[in-house]
Amino acid sequence: MNLEQYINISVDSFYLGAQSDPAAQRYVFAYCVNITNNSTESVQLLRRYWQITDGNGKQTEVSGDGVIGVQPHLQPGETYSYTSGAVFETPLGSMQGHYDMLSASQIAFQAPIPQFRMAMPHILN
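In case it helps, the UniProt record's numbering puts the sequence shown at residues 1 to 125.
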């Protein structure tokens, strides 16, 4: 069974104007991630990997244990949500990556995080 196909990940991003300073090339964004386990067994999120690309094409890679300090377990049908943030030097950028996960039957797999955009309001039509 390809468990990664049963993990649904969706992301919404938000520009945080009050924390941003465009004159100093500081654009702050929050993003809310929803991870849904559509498989028939429980899974645990162990690690995260992000590829972050700013509007100039500069790429940064970030990885680490868990998300926001936890390694959540998701039962079948359960959704885990969390909010985090990123700071860019440009008003436009994107993020994508994967979560390293482990099933209850000790199968390790990667759940892909689809690319999502960070954009200051009105920067795109």
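Don't be surprised by glycine CBs; every beta carbon is placed ideally from N, CA and C. Bear in mind that the values here come from a model prediction, so they are computed numbers and not experimental data.
Secondary structure in the region 5–45: the beta strand (DSSP E) runs of 3 residues or longer, each lying completely within the stretch, are 7–15, 27–37 in chain order.
Ranked by how close their Cα comes to the Cα of M118, the residues A30, D100, L3, H73 have A30 in first place. Across the set Y15, Q5, L3, the C-alpha of Y15 shows the shortest separation from the C-alpha of T83. Following the DSSP letters along the chain, one finds H98 inside the beta strand (DSSP E) bounded by residues 92–103.
M120: not part of any beta strand (DSSP E); DSSP gives it neither H nor E.
Cβ neighbours of Y99 within its own chain (closer than 6 Å, five residues either side excluded): L45, R48, A111. Y80 is the residue among Q75, Y80, S20, N38 whose C-alpha sits nearest the C-alpha of G66.
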